[in-house]
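Counting in UniProt numbering, the sequence shown runs without a single skipped number right up to 62 at its last residue. Note that the Cβ used here is the ideal one computed from N, Cα and C, for glycine as well. Read the structure below first, then the notes.
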Amino acid sequence: MDLEKDNSSPILDQKDWFNTLSEEELKEIEIGIEQAKNNQFTDHEEVMKIFLKYKAKNLGKF
């Protein structure tokens, strides 16, 4: 059985979106990574609680 990589896939011809980011965007990503390493973030569950409160207050305004 030949397990050679198929290089004819069109997905291999696409550019990686990461390589198209600006210097500012890359710096922001680095900041976010450092914040996550230092546990300086809001847990997803907490964000959802805040969002649901906001959503409930503004129900029907959109």
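Range of the contiguous alpha helix (DSSP H) that encloses residue 26: Your numbering for residue 26 matches position 26 in the sequence shown. According to the DSSP assignment, residue 26 belongs to the alpha helix (DSSP H) that extends over 23-37.
Rounded straight-line distance, which links the Cα of residue 27 to that of residue 34: The residue labelled residue 34 in the question sits at position 34 within the sequence shown. The residue labelled residue 27 in the question sits at position 27 within the sequence shown. Separation of residue 34 and residue 27 (C-alpha to C-alpha, rounded to the nearest whole angstrom) is 11 Å.
Distance, residue 46 Cα to residue 53 Cα: Taking the first residue of the sequence shown as 1, we reach residue 53 at position 53. Taking the first residue of the sequence shown as 1, we reach residue 46 at position 46. Rounded to the nearest whole angstrom, the C-alpha separation of residue 53 and residue 46 is 11 Å.
Helix, strand or coil at residue 49 according to DSSP, with G and I counted as helix: If you number the sequence shown from 1, residue 49 lands on position 49. In the three-state reduction of the DSSP assignment, residue 49 falls in the helix class.
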